[in-house]
Amino acid sequence: MSRSFTSAQPLYTPYRMCDLELPNRVVMAPLTRMRAGSDDHVPTGLQADYYAQRATAGLIVTEGVAISPDGFGWAGTPGLWTTEQVRGWRRVTDAVHTAGGRIVAQLWHTGAMSHPDLRGGLRPLSASDVNREQKSVTEAGRVATVAPRPMTRVEIRQTVADYARAARNAMHAGFDGMQIQANYLYLLAQFLNRATNRRTDEYGGDIEGRARILLEVVEGILEDVEPVKVGVKIGPMHENGPFAANDETLPTAEYAIRELSGYGLSHLLIMGNSTDFTGTPLEPLMGDGMFQHFRQIFRGTLIANVQMDAERGNRLIEEGLTDLVAFGRPYIANPDLVERLKTGAPLAEIDWTTVYASGPKGYSDYPALEPAIV
Numbered sequence: 144m145s146r147s148f149t150s151a152q153p154l155y156t157p158y159r160m161c162d163l164e165l166p167n168r169v170v171m172a173p174l175t176r177m178r179a180g181s182d183d184h185v186p187t188g189l190q191a192d193y194y195a196q197r198a199t200a201g202l203i204v205t206e207g208v209a210i211s212p213d214g215f216g217w218a219g220t221p222g223l224w225t226t227e228q229v230r231g232w233r234r235v236t237d238a239v240h241t242a243g244g245r246i247v248a249q250l251w252h253t254g255a256m257s258h259p260d261l262r263g264g265l266r267p268l269s270a271s272d273v274n275r276e277q278k279s280v281t282e283a284g285r286v287a288t289v290a291p292r293p294m295t296r297v298e299i300r301q302t303v304a305d306y307a308r309a310a311r312n313a314m315h316a317g318f319d320g321m322q323i324q325a326n327y328l329y330l331l332a333q334f335l336n337r338a339t340n341r342r343t344d345e346y347g348g349d350i351e352g353r354a355r356i357l358l359e360v361v362e363g364i365l366e367d368v369e370p371v372k373v374g375v376k377i378g379p380m381h382e383n384g385p386f387a388a389n390d391e392t393l394p395t396a397e398y399a400i401r402e403l404s405g406y407g408l409s410h411l412l413i414m415g416n417s418t419d420f421t422g423t424p425l426e427p428l429m430g431d432g433m434f435q436h437f438r439q440i441f442r443g444t445l446i447a448n449v450q451m452d453a454e455r456g457n458r459l460i461e462e463g464l465t466d467l468v469a470f471g472r473p474y475i476a477n478p479d480l481v482e483r484l485k486t487g488a489p490l491a492e493i494d495w496t497t498v499y500a501s502g503p504k505g506y507s508d509y510p511a512l513e514p515a516i517v
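Going left to right, the sequence shown walks through residues 144 to 517 as the working numbering numbers them.
Shown next as structure tokens:
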């Protein structure tokens, strides 16, 4: 499908995403930055400053926000299960709205990516007891993941309820909506993946069983929140260990996205290939292939992410392969990214030593462009 635009750069044209009027099609992608309270997981005034600085984005998607103590699994990240956390996020959303922006919360359960060091010695929870062979981020640094404990049916039902509570809290905190994190290495993706879900009950087995928890999470949230406020981040991927692509990786993603398409959700954020798909079942999805493929399956607003620049973003929109374009890393050092992209101004360099740190250095102290002297 193709569309015509009055602007030579459609990336900067307005877009209506359900009930949200976006002034441009640039999305700030979720970026974990570890600046929340280490004990209470409450967002701070520093985070309010950081997000407000980036309010010229058409839409901001927050860093991953843990839905519960069980879902927490990355040091220094915020939550959305306590009254204090809701108050902290209200300060953030108020700051963004005052600056003219729009912001949605990414709801996150890390599952097996958590670690006993973050859980008082308890093993993290997941679909099955398969070690993900990745690294957990603890207060002491990155450590090897451990084999998780398989969730009971009661714990699965509680997790679905935790997502619904976090969604209600997001609305109380003043967010314009939310995005369910069902991608990458985290809990919902762990259930979807045949290699990490070896269950024999209704939450395992075939593709429909493995996708059951995701759809229950969506339906649980929709009992209290309008579908126009709810989006999902999901897509097939190829990583090492149990998350290497297999012959069911693509069919599983296709099934889940086809089912999600029937709920009238606000958006789907899908990542292009961030690793080399060559020689894997996902090889046809390299480059623009990911967006070409899933544009035909999902009925609704599509957000494309990974390895984006202004030229590619404009082309993907012009060709009808996406509606919005998400930028991640460029937003770290460029709070005024929209203006820089639009004018062709150079991008500031990231200080990688401060990306996962504390305090304002390398977080909220990156300057915007100096105004032109006339």
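Every residue, glycine too, gets a C-beta built ideally from N, C-alpha and C.
Counting every other CB atom within 10 Å of its CB across the protein chains shown gives serine 409 a total of 16 or more, marking it as buried.
By the neighbour-count definition (other C-beta atoms within 10 Å, threshold 16), alanine 307 is a buried residue. Here the alpha carbons of glycine 348 and asparagine 448 stand approximately 30 Å from one another. Exclusion of the five residues before and after aspartate 162 leaves Val371 as the residues of its chain whose Cβ lies within less than 6 Å of its Cβ. Residue pairing for alanine 179: DSSP places it in no beta bridge.
Considering only Gly463, Glu482, Pro478, the residue with the shortest C-alpha distance to glycine 505 is Pro478. Assignment of valine 481 by DSSP, reduced to helix, strand and coil, places it in the helix class. With a contact defined as Cβ atoms closer than 8 Å, valine 481 and threonine 199 qualify at about 5 Å. Our two residues, isoleucine 350 and leucine 403, have alpha carbons roughly 14 Å apart in a direct line. As DSSP reads the structure, glutamine 322 sits in a beta bridge with Gln249, Gly374.
DSSP, reduced to helix, strand and coil, places arginine 168 outside both helices and strands of the structure shown, so it counts as coil.
When the five nearest sequence neighbours on each side are left out, the beta carbons in the same chain lying within less than 7 Å of the beta carbon of glutamine 196 are those of Pro478, Ser507, in order along the chain. If you compare the alpha carbons of Leu261, Tyr155, Val360, Thr392 with that of alanine 310, the shortest gap goes to Val360. By a beta-carbon distance limit of 8 Å, threonine 220 contacts histidine 184. Their separation comes to about 7 Å. Of all alpha-carbon atoms in Leu512, Trp224, Ala491, Leu331, the one lying nearest the alpha-carbon of serine 271 is that of Leu331. In this structure, threonine 423 places its C-beta atom within 7 Å of the C-beta atom of alanine 388. For the options Ala491, Lys278, Asp192, the alpha carbon positioned closest to that of glycine 216 is the one of Lys278. Taking the CA atoms as reference points, glycine 363 sits about 7 Å from alanine 304. In terms of Cβ geometry, glutamate 206 and leucine 174 form a close pair [threshold 7 Å]. Judged by DSSP secondary structure, tyrosine 193 falls outside any beta strand (DSSP E) and instead within the alpha helix (DSSP H) spanning 188-196. For glutamate 298, there is no enclosing beta strand (DSSP E); the residue is found in the alpha helix (DSSP H) stretching over 296-315. A check of alpha carbon separations from isoleucine 493 across Pro473, Ala511, Leu484 identifies Pro473 as the nearest. If you draw a straight line from the Cα of asparagine 326 to the Cα of methionine 414, it comes to about 9 Å. Per the Cβ contact rule, the segment 392-403 is not in contact with the segment 223-238 (fewer than 3 Cβ pairs under 8 Å). The DSSP-derived three-state label of arginine 285 is strand. Glutamine 324 and lysine 376 do touch by the CB rule: their CB atoms are close to 5 Å apart, below 8 Å.
For asparagine 448, the secondary structure class from DSSP, reduced to helix, strand or coil, is strand. Note on arginine 178: 16 or more other CB atoms within 10 angstroms of its CB, so buried under the neighbour-count rule. For tyrosine 474, no beta strand (DSSP E) segment is defined; the enclosing uninterrupted segment is the alpha helix (DSSP H) at 473-476.
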